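Working notes, structure below.
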Amino acid sequence: MAAKRPKSSRRNAPAGGSRRSPAAGGLVPRDKARAVLRAAGFRRSLAAWFRRAGRDLPWRRSRDPYAILVSEAMLQQTQVSRVLEFYSRFLDEFPTLEALAAARPNQVREQWEGLGYYARARNLHSVAKHVTRDGGAPAMLPSHPDALRKLPGIGPYTAGAVASFAFERRAALVDTNVARVIARFFAPRLNPKRGRDLKKIWAIAEAILPRSGKAGWAHNQALMELGALICTARVTRCGECPVRAGCPSLDTTKYRVRG
Ligand code: SF4
């Protein structure tokens with residue numbers, strides 16, 4: 002007798018099953034079509050919610066690569082409310098890569114004092130020195146994630162964030178918030194803390210990206226916002242979640258989805 006396929010294998014199949022998608026590999030056409038539809042529904046609901054509920058944050062009004070990089074460095078393991086106290090002041094003091102590169106380490110430290118994890122400021126300072134080392138103005142950060150990754154202290158998340166948020170390139174990004182949202186919605190069996198599962202989560206993040214970089218900007222911001230405000234590590238506010246109708250991790254003990 003043929004073994005029965007577990008029910009969840011289809012439901013948990015990675016979404017975004019276009020031909021280019023590594024996440025859709027191995028799906029039969031009917032499952033692939035479902036995954037594509039599911040990813041499209043997720044994107045639509047997420048985008049509509051973000052237009053309505055997304056916070057107006059200063060770095061979201063900017064496309065200056067340097068300002069975006071500063072915001073990303075500050076936001077690592079730090080609350081938005083805390084970063085808001087430092088962000089504008091830091092940029093007033095060091096408005097450009099050149100200004101930061103020319104600063105002395107103690108001046109940079111002074112502006113970072115109170116924000117913690119000083120290694121982030123050191124890395125930022127190193128990036129500024131690195132990209133201005135040949136002279137010539139204005140110094141520019143590269144726009145491609147692969148080139149950004151070659152800069153000191155820039156990992157895959159920050160490279161994706163700068164490429165997407167500053168240059169509106171079609172680039173995926175996965176931080177802890179995004180990994181949690183993607184795992185809960187698309188692949189509840191994956192554990193973002195396991196290296197090989199995280200790779201699969203990155204593949205899903207790439208597969209569900211909208212086609213254009215501009216739409217990708219809003220999509221990535223929305224994913225991060227959902228992980229920060231609704232689908233949080235400690236509490237899941239499933240009742241307020243814009244994608245609850247299709248979510249296999251919905252807390253059904255508290256919330257029911259109609260329709
Ligand atoms: S329904 Fe709940 S578990 Fe699913 S994505 Fe939304 S907040 Fe997270």
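Be aware that the sequence shown starts at 2, since it is given in the numbering used here, and climbs by one per residue.
The beta carbon of each residue, even a glycine, is placed where N, CA and C say it ideally should be.
All values derive from a computational prediction rather than experimental measurement.
- Distance between N178 and A184, taken at the CA atoms: about 10 Å.
- Assigned with DSSP and collapsed to three states, C232 falls in strand.
- Taking 6 Å as the cut-off, one finds at least one heavy atom of the ligand SF4 near enough to the beta carbon of L251.
- Going by DSSP, W113 is part of the alpha helix (DSSP H) stretching over 106-113.
- Using a Cβ distance threshold of 7 Å, I69 and A167 count as a contacting pair.
- Residue pairing from DSSP places T237 in a beta bridge opposite C232.
- The shortest CA-to-CA distance from G214 to any of F186, D176, T253, E169 is the one to E169.
- Beyond the five residues adjoining it in sequence on each side, E86 comes within less than 6 Å, by CB distance, of no other residue in the same chain.
- At a cut-off of 6 Å, the beta-carbon of I231 counts as near the ligand SF4: some heavy atom of the ligand is closer than that.
- By the C-beta density criterion, N107 is exposed, having fewer than 16 other C-beta atoms within 10 angstroms.
- The Cβ atoms of A160 and L149 sit closer than 7 Å to each other.
- Counting only runs of 3 or more residues that sit fully inside the stretch 143-220, no beta strand (DSSP E) segment turns up.
- Between F43 and the set T233, V236, N221, the nearest pair of CA atoms involves N221.
- Distances taken from the Cβ of T237 to the heavy atoms of the ligand SF4 include one shorter than 6 Å.
- R61 has its CB no nearer than 6 Å to any heavy atom of the ligand SF4.
- Per DSSP, Y67 is one residue of the alpha helix (DSSP H) stretching across 66-76.
- Boundaries cannot be given for D135, as no alpha helix (DSSP H) includes it and DSSP labels it neither H nor E.
- Cβ-Cβ distances below 8 Å link R238 to L230, I231, C232 in the same chain, with the five nearest sequence neighbours on each side left out; the list follows chain order.
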